[in-house]
Every structure is written in structure tokens, then in C-alpha cells.
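Taking it in order: structure first as C-alpha cells, then the write-up.
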Amino acid sequence: LCALLPFYSGDDEETLRLGRLGRWYGRLIALIMLISSLFFGEDVLFASREYRLVASAQGDTEEINRTIETLLCIGSYTMMVLSNVQNASRHCRTLRDIARIDEYLEVNGFRESYSCRKLGTLVVSVAAAVLAVAFYYIHFRSGIGSRRQSILLLVYFLQLLCSTILSIYLRTLLMNLALRIGFLNRKLDAFILQEGESSGENWRELSNLIEVLCKFRYITENMNSVAGVALLFLFGFAFYTVTNQSYLAFATLTSSSRLEVADTMGLSCAWVLAETITMAVICSACDCLASEANGTAQILARVYGKSKQFQNIADKFLTKSIKQELQFTAYGFFSIDNSTLFKIFSAVTTYLVILIQF
Numbered sequence: 001l002c003a004l005l006p007f008y009s010g011d012d013e014e015t016l017r018l019g020r021l022g023r024w025y026g027r028l029i030a031l032i033m034l035i036s037s038l039f040f041g042e043d044v045l046f047a048s049r050e051y052r053l054v055a056s057a058q059g060d061t062e063e064i065n066r067t068i069e070t071l072l073c074i075g076s077y078t079m080m081v082l083s084n085v086q087n088a089s090r091h092c093r094t095l096r097d098i099a100r101i102d103e104y105l106e107v108n109g110f111r112e113s114y115s116c117r118k119l120g121t122l123v124v125s126v127a128a129a130v131l132a133v134a135f136y137y138i139h140f141r142s143g144i145g146s147r148r149q150s151i152l153l154l155v156y157f158l159q160l161l162c163s164t165i166l167s168i169y170l171r172t173l174l175m176n177l178a179l180r181i182g183f184l185n186r187k188l189d190a191f192i193l194q195e196g197e198s199s200g201e202n203w204r205e206l207s208n209l210i211e212v213l214c215k216f217r218y219i220t221e222n223m224n225s226v227a228g229v230a231l232l233f234l235f236g237f238a239f240y241t242v243t244n245q246s247y248l249a250f251a252t253l254t255s256s257s258r259l260e261v262a263d264t265m266g267l268s269c270a271w272v273l274a275e276t277i278t279m280a281v282i283c284s285a286c287d288c289l290a291s292e293a294n295g296t297a298q299i300l301a302r303v304y305g306k307s308k309q310f311q312n313i314a315d316k317f318l319t320k321s322i323k324q325e326l327q328f329t330a331y332g333f334f335s336i337d338n339s340t341l342f343k344i345f346s347a348v349t350t351y352l353v354i355l356i357q358f
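See the structure below:
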């Protein structure tokens with residue numbers, strides 16, 4: 001419904017495709033998002049004082065910071081929708097490719113599946129809590145007019161909706177890919193540990209395993225390119241929001257007026273918590289899949305001890321893996337893995353120290 005995922009038709013790997021209705025529906029939603037975002041952005045930019053949450057600003061730059069944050073919020077969910085609509089056919093192709101390979105995996109005993117139900121419930125609950133807190137502060141605590149209250153709440157709702165759906169979708173798809181690559185890695189490891197001379201059957205088995213792993217590597221790289229733009233804007237907004245809201249929380253905490261603490265502290269903490277959880281969900285999934293994909297080369301390197309025939313099979317895969325280690329990036333600007341959160345909060349801490357000193 002949000003056009004983040006394509007409306008596809010068909011129920012198996014041969015008939016799954018992006019239908020004409022789904023394609024035009026996505027374009028319609030993207031057009032509505034783009035026009036409304038231009039309208040919202042213009043109003044926020046030229047009437048920024050009307051969107052002030054507290055009557056008395058905490059500093060000379062508070063109004064500018066909140067305006068930039070709101071504009072980034074609008075740009076973030078708009079670009080998430082636009083990029084996913086643009087790449088809708090590639091999403092369907094990825095799902096179709098996975099379904100085709102699953103036939104081979106099921107024949108070889110693959111029965112695993114990943115469910116994001118509990119984690120998804122947590123992400124949705126936190127997003128709903130942020131929206132509820134924002135409604136309380138905007139409607140009951142601020143002096144914002146009713147029309148602009150509706151605009152601001154709609155902007156927050158769309159951002160939370162898009163980021164929540166995208167994070168759950170990527171988490172589910174990437175973790176399912178990681179399970180499949182992990183299963184193949186274990187099969188490959190067990191094959192290499194087998195004793196005995198090489199035979200034609202062993203040669204074909206190793207060839208099939210490497211061919212399927214190469215296909216999964218291609219699918220993983222394709223998913224990275226498909227989701228790169230959306231991840232860039234999601235993480236960009238999250239980084240700015242965590243920095244800005246952390247500073248506002250510190251400013252209200254140290255303010256001499258106790259009223260201002262009640263006006264902004266809850267919303268600041270809610271935003272920081274929500275964005276941190278969303279980033280953690282995506283980072284851990286990207287790191288898990290990249291680790292499984294890069295672990296194949298380490299397992300395959302041991303095949304050289306088996307026979308000369310096996311060495312020739314592994315050469316091409318190892319050459320590509322050594323030259324280009326798989327990693328998820330935000331459209332090539334920075335890598336996304338478990339260390340990304342540490343880097344973000346290290347940067348946030350540095351910026352906070354500078355802001356507080358000034």
C-alpha cells in the first residue's frame with residue numbers, strides 16, 4: 001500500500017512478475033508523495049516559526065535545527081518510496097531468483113526459515129509510541145495551529161511508517177538469504193572434509209554448490225544496489241535526528257525552566273530510541289549476510305588440498321571473492337554492518353561535545 005514493495009502477480013517462481021496494475025499504482029503513490037512533499041517542504045521552510053514546539057527557543061539555532069530535521073524527514077520517506085518504486089521490477093526479479101534456487105536447496109535438505117514477527121512487533125510498537133508521544137506534545141503542549149499540526153503529524157507518520165516497513169522487509173529478506181548461504185557453506189564444508197579420491201560425482205557436486213553460491217552472491221549484490229538509495233536517506237535522517245534530539249534532550253535537562261524539560265525531553269528520547277532500534281535491525285541483518293557470504297571463500301580455500309581438478313573449479317570464485325569482499329553500503333557512501341552503530345554514536349558523541357561547549 002505504501003509502494004515500498006511491488007504489487008506482484010503470480011504464486012510461483014515462473015509466474016511471479018510485476019503486473020501493469022502494480023506498476024501504475026506504485027507510480028501514482030510516488031507522484032502523490034512527491035507533490036505532497038514539495039507542498040509540505042515549502043510550508044515548513046518558509047513558515048518555520050509556525051512549527052516551533054516550544055514557545056521560547058532553547059537557543060538561537062533550535063528553530064533552524066528543527067526545520068532541517070523536518071525537511072530531512074520529508075526527504076527521507078519520499079526518497080524511500082521513489083527509489084523502491086523505481087526498482088520494483090528488480091525486487092520481483094530478486095524474489096523470483098531466490099524461489100528458483102530454493103528448489104535445489106529443498107532437494108538437498110534445506111528446511112530452515114526466518115521469522116521477524118517478534119522483532120517486527122518491537123519495531124512497530126516503538127514507532128507507534130513515538131507517534132503517540134509526538135501527538136501529545138504537538139497537540140497539547142505546543143502552540144502550533146491545527147492545520148500545521150496535521151501536516152507535522154502526517155510527516156512523522158509517513159517517516160515512521162516507511163522506515164519501519166523497509167527495515168522489517170530488509171531484515172526478513174537478508175536473514176533468509178543468510179540462512180540459505182549458511183546452509184550451502186555447511187554443505188561445502190562437509191564436502192571438503194570428506195575423505196577419499198575425487199570422482200566425477202564429487203566434481204559435479206562441488207560445481208553445483210559453487211554455482212548456487214555464485215548466484216546467491218549476485219542476488220546479494222543486487223539487493224545492495226536496489227536498497228542503496230533508500231538506506232542512504234534512512235540512515236542520513238537517523239544520524240541527524242539522533243544528534244539533534246540528543247542535544248535537545250541535554251539542553252532541556254540542564255535548562256533552568258522545568259517546563260521546557262516536559263515540553264521536549266519525552267519526544268527527544270522517543271526519537272533517539274526509535275531510530276537506534278531501526279538502525280540496529282538493519283545493521284545486524286546486513287552484517288550477518290555479509291559474514292556468511294564472505295565466509296564461503298575461507299571454506300573454499302581449503303579445497304586446494306583435495307585435488308588439482310577441484311582447484312580449477314574454485315579458482316574463479318576465489319579470485320572474485322579476494323578482489324571484492326562483499327559488504328552492504330548506503331549507495332556506496334559508507335558500509336553498513338555491526339560497526340556502523342558504533343561509528344554513528346562515536347560521531348554523535350563528538351558533535352555533542354562540540355555543541356555543548358559552544
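In UniProt numbering, the protein residues as written are 1 to 358. In this text, a Cβ means the ideal position worked out from N, Cα and C, and glycines have one as well. Small disclaimer: the values here were computed from a predicted structure and weren't measured.
Close-in-space but distant-in-sequence residues of the same chain around residue i (CB under 7 Å, 5 per side omitted)
| i | result |
| --- | --- |
| Leu21 | Phe7 |
| Asn244 | Asn65 and Glu69 |
| Gly145 | Glu50 |
| Ala30 | Ala3, Val81, Leu82 and Val85 |
| Arg17 | Tyr8, Ser9, Gly10 and Cys92 |
| Cys269 | Ala249 |
| Asn222 | Arg90 and Thr94 |
| Ile336 | Leu231, Ile282, Cys283, Cys286, Phe328, Thr329 and Ala330 |
| Leu166 | Leu4, Met80, Ala230 and Leu234 |
| Tyr351 | Thr243 |
| Asp43 | Ile151 |
| Lys343 | none |
From the options, residue whose alpha carbon lies closest to that of residue i
| i | options | result |
| --- | --- | --- |
| Arg180 | Arg148, Arg217, Gln149 and Arg147 | Arg217 |
| Ser125 | Trp271, Thr252, Val348 and Leu341 | Trp271 |
| Ile98 | Asn176, Tyr247, Val155 and Ala280 | Asn176 |
| Ile356 | Ala127, Thr254, Ile219 and Ala285 | Thr254 |
| Phe40 | Ala227, Glu63, Phe333 and Leu72 | Leu72 |
| Arg23 | Asn108, Glu42, Arg90 and Ser291 | Arg90 |
| Thr349 | Thr252, Ala290, Tyr247 and Leu289 | Tyr247 |
| Tyr136 | Ala290, Tyr351, Ala293 and Met265 | Met265 |
| Asn294 | Ser225, Thr276, Thr220 and Leu119 | Thr220 |
| Phe333 | Asn224, Arg96 and Arg117 | Asn224 |
| Thr121 | Arg171, His139, Asn87 and Leu158 | Arg171 |
| Lys187 | Leu45, Glu106, Ala227 and Ser167 | Glu106 |
| Ala88 | Ile192, Ser207, Tyr25 and Glu42 | Tyr25 |
| Leu119 | Ala280, Met33 and Leu206 | Ala280 |
| Thr276 | Glu325, Ser291, Thr340 and Ile210 | Thr340 |
| Ser288 | Ala227, Arg117 and Leu326 | For the sequence presented, residue 288 should be read as Cys rather than Ser. Minimum Cα distance to Cys288 is reached at Leu326. |
| Ile210 | Ser346, Ser115, Tyr104 and Gly109 | Tyr104 |
| Gly109 | Glu292, Ala347, Phe183 and Gly19 | Phe183 |
| Cys116 | Leu173, Glu63, His139 and Ala347 | Leu173 |
| Lys215 | Val226, His139, Gly228 and Asp102 | Asp102 |
| Ala290 | Leu193, Gln324 and Arg302 | Gln324 |
| residue 360 | Gly143, Arg302 and Thr241 | For residue 360 there is no data in the structure shown, the boundaries of the chain being 1 and 358. |
Residues of its chain near residue i, where Cβ-Cβ distance is below 8 Å and the 5 sequence neighbours each way are ignored
| i | result |
| --- | --- |
| Ala274 | Val126, Ala127, Ala129, Val130 and Leu160 |
| Arg27 | Val85 |
| Tyr169 | Leu4 and Leu5 |
Other residues of its chain near residue i: CB distance less than 6 Å, five sequence neighbours each side excluded
| i | result |
| --- | --- |
| Thr296 | Asn185 and Leu213 |
| Leu1 | none |
| Gly19 | Ser9 |
| Ser163 | Leu234 and Thr278 |
CB-CB length for residue i against residue j, believed under 8 Å
| i | j | result |
| --- | --- | --- |
| Glu13 | Arg100 | 5 Å |
| Phe239 | Ala330 | So it is not a contact: roughly 10 Å between Cβ atoms. |
| Val155 | Thr278 | That belief does not hold up - the Cβ atoms of Val155 and Thr278 are roughly 17 Å apart, past 8 Å. |
| Gly178 | Leu153 | A small fix is needed here, since residue 178 is Ala in this sequence, not Gly. Not a contact, Cβ separation roughly 37 Å. |
| Asp189 | Ile35 | Not quite, the Cβ-Cβ distance comes to about 54 Å (not below 8 Å), so this is no contact. |
| Ser37 | Thr67 | Contact flag wrong, Cβ pair sits at about 15 Å. |
The ligand ZN heavy atom lying under 7 Å from the CB of residue i
| i | result |
| --- | --- |
| Gln149 | Absence of the ligand ZN from the depicted structure is noted, as is the absence of any ligand whatsoever, leaving it without description. |
Can you list the alpha helix (DSSP H) stretches of 4 or more residues lying completely in the stretch 128 to 212, in chain order? At a cut-off of 4 residues, the continuous stretches assigned as alpha helix (DSSP H) that sit fully inside the stretch 128 to 212 are 146 to 193.
Determine contact between the stretch 72 to 88 and the stretch 142 to 151, defined as no fewer than three beta-carbon pairs at a distance below 8 Å. At 8 Å Cβ cutoff, the stretches do not touch.
Any alpha helix (DSSP H) of 4 or more consecutive residues that is wholly inside the stretch 15 to 79: Uninterrupted alpha helix (DSSP H) stretches at least 4 residues long and entirely within the stretch 15 to 79 occur at 20 to 46, given in chain order.
Extract the residue ranges of the alpha helix (DSSP H) inside the stretch 228 to 307, only unbroken runs of 4 or more that lie entirely within it. As far as the stretch 228 to 307 is concerned, its whole alpha helix (DSSP H) runs of at least 4 residues are 258 to 300.
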